[in-house]
Structure formats: structure tokens, C-alpha cells
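**Student:**
Residue numbers (the working numbering), protein chains in the order written: chain A, 4 to 128; chain B, 15 to 145.
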């Protein structure tokens, strides 16, 4: 016997009202990050110690620009999802927990947009 | 009804750490470290957009002793989190939960992360043209 209403069952959102969204996005971005991170590490090894002109040349190549922006978006989505779970697990003071989660999400959006803007500014310069 | 005096399940700290549980918490610790490390990528990109002077400041920091130590830690954290993340994705398919398999995959992750870190640093120094 279930205590859940038929509507609640059909919606499938569970007690947290988020369904599997968080869990699924964490896995999707993890999957995307596997090739992106490998590409990024290999690229960074190649451009290590580069001067400004060489770094700009690397970033402004169309394929590198696109991959960098994808890496930034996937990294910040994945990172803020992970940090949110850590905060939910260890911070037991409700107002502090909510404040930290808002701060993490805000910082991820700000830093993510700033990074994407930097790549576009370099690429179009 | 009072909710602040209920019996609690035994705290995590009463359990003896095991190989698999240490790897598990290490995944979370490396994840947090990588979130902090992402700030370096943000700084690097914004400095590159800002100009040669700002970019030289980042490059000097990365090349310094502190910078290299941080980068060594972050590179291992990245490879560990990547390899162990793949281990988690395999678990998400419902496979690999037998105790012997979990231990074997755990060792594989530790060895792979270490080897990849060493290879990357050798390649990095080779790319720089030696020490």
C-alpha cells in the first residue's frame, strides 16, 4: 500500500519535488566532461608556459573556443550540483545551508559567464 | 512533538575507515578541491582577455613553487575524480558492486590517477623544454 496520491506518483517528483533532475544532470555533465577534460589537459600540456600571444592564438581558434565554452558550462553546472549536495549533507543550520547554496549557485553563474565572456572577447578580438 | 531528542544512527566516525570508504570520501574531497581549482582557469582566461601584463602575472604564479605544488595537487585531484567518476558511472549501470570488484576497480583508479599525473608532468616539462 502506498501513502502517495496517484497524481504524486504520476508526477514522479518525490518528497524533494525535484524528481531525478539533480542526479541526472550530475551524470550528464560528468559524461560530457570525460572527453572535454581529456582534451583540456592535453591542450594545457601543449601550451604550458606559453606567452600571451601563444595563449591568445590557442584560445581564439574556433574549435578551441567552442570546446572551452562547453568545458566551462559543463564544469560549473557539474561543480555547483556537487557542492550543493556537500552543503546539504554537512550544514545543518537551515538559514546557513540555504544561504551557502544560493552563494554557490550565484558564484557559479557569475564565474561561468565571466569565463565564457573572456573566451568570446579573445576569439572575436 | 519534540523532534530534537530522537535517537540517532551511529555517527560515521565510529566506523573503522576502509579502502572503499576512504576512496569514497576522497571523491568528494577532490571534487571540492577541483571547484576551487576552477578559479585558476577563470583567472587564466580573464587575464588572457585582459592583456599581456595581466597574463604574465598568472603565468608567474603558476610557474612559482606554490603554483606548481597547487597544480600538482589539482592535476592528481582531476585525474582521481575523473577515473573514480567513471567508476561511479559504471556503478550507475548496476554493475561492479561485488566486494572483490569494488576493491579491484578502486585500486585501478588509484594506480591510473597516479600514472596519468606522472605522465602529464613529464609531458608538461618536456613541452617546456626540460626543467
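We put the beta carbon where it would ideally sit given N, CA and C, even for glycine. Just so you know, these numbers come straight off a predicted model, no measurement behind them.
#1: Please list the partners that residue 100 (chain B) has in chain A, where partner means a Cβ-to-Cβ separation under 8 Å.
#2: Kindly list, in the order they appear in chain B, the residues whose Cβ is closer than 9 Å to that of residue 112 (chain A).
#3: Do three or more CB pairs link the region 10 to 24 of chain A to the region 68 to 82 of chain B at distances below 8 Å?
#4: So residue 16 (chain A) and residue 43 (chain A) are in contact, right, with Cβ under 8 Å, and what is the actual spacing, rounded?
#5: Who are the near neighbours of residue 80 (chain A) in its chain, counting only those whose CB is closer than 6 Å to its CB and skipping five residues on each side?
#6: Against residue 69 (chain B), what residues of chain A qualify as contacts under a CB-to-CB distance less than 7 Å, listed in chain order?
#7: Quick check: is the beta carbon of residue 15 (chain A) nearer than 8 Å to any beta carbon in chain B?
#8: Quick one: which residues of the region 70 to 95 of chain A get their C-beta closer than 7 Å to a C-beta of chain B? List them in chain order.
#9: By a C-beta neighbour count over all protein chains shown, 10 Å radius and 16 as the cutoff for buried, is residue 67 (chain B) buried or exposed?
#10: With distances taken Cα to Cα, identify the nearest neighbour of residue 125 (chain A) among A:67, A:19 and A:21.
#11: Just how far apart, CA to CA, sit residue 56 (chain A) and residue 58 (chain B)?
#12: With a threshold of 8 Å between beta carbons, is residue 118 (chain A) in contact with chain B?
#13: Measuring alpha carbon to alpha carbon, tell me which residue in A:72, A:6, A:59 and A:28 is nearest residue 61 (chain B).
#14: How many Å lie between residue 61 (chain A) and residue 85 (chain B) at the Cα?
#15: By the 9 Å beta-carbon criterion, what residues does the region 33 to 62 of chain B contribute toward chain A?
#16: Just to confirm, is the Cβ distance from residue 69 (chain B) to residue 131 (chain B) under 8 Å?
#17: Can you tell me whether DSSP reads residue 66 (chain B) as helix, strand or coil?
#18: On the three-state DSSP scale, how would you describe residue 25 (chain A)?
#19: Got a sec: which bits of the region 101 to 115 of chain B sit with their beta carbon under 9 Å from any beta carbon on chain A, in order along the chain?
#20: Any chance the region 23 to 33 of chain B sits against the region 83 to 101 of chain A, with 3 or more Cβ pairs inside 8 Å?
**Tutor:** Judging by the given coordinates:
#1: By Cβ distance, chain A contributes 37.
#2: In chain order: nothing, as chain B lies at least about 12 Å away.
#3: No, because fewer than three Cβ pairs between the region 10 to 24 of chain A and the region 68 to 82 of chain B fall closer than 8 Å, the two stretches do not touch.
#4: In this structure, residue 16 (chain A) and residue 43 (chain A) do not form a Cβ contact; the two beta carbons are roughly 35 Å apart against a cut-off of 8 Å.
#5: 32.
#6: By Cβ distance, chain A contributes 55 and 58.
#7: Not closer than 8 Å to any Cβ of chain B, the Cβ of residue 15 (chain A) fails to qualify, so no.
#8: From the region 70 to 95 of chain A, only 78, 82, 85, 86 and 89 have a Cβ closer than 7 Å to chain B.
#9: With a threshold of 16 other beta carbon atoms within 10 Å, residue 67 (chain B) falls short and is exposed.
#10: In terms of Cα proximity to residue 125 (chain A), the closest of A:67, A:19 and A:21 is A:67.
#11: C-alpha separation (whole angstroms): 13 Å.
#12: True, the Cβ-Cβ gap to chain B drops below 8 Å.
#13: For residue 61 (chain B), the nearest C-alpha among the options comes from A:59.
#14: Our two residues, residue 61 (chain A) and residue 85 (chain B), have alpha carbons roughly 20 Å apart in a direct line.
#15: Those would be 42, 45, 46, 48, 49, 52, 53, 55, 56, 58, 59, 60, 61 and 62, in chain order.
#16: It is not a contact, given that the beta carbons lie outside the stated cut-off.
#17: Helix, per DSSP.
#18: The three-state secondary structure of residue 25 (chain A), taken from DSSP, is helix.
#19: Taking 9 Å as the Cβ-Cβ cut-off against chain A, the residues of the region 101 to 115 of chain B that qualify are 102, 103 and 106.
#20: As far as the Cβ criterion goes, the region 23 to 33 of chain B does not touch the region 83 to 101 of chain A, which means the pair count is below three.
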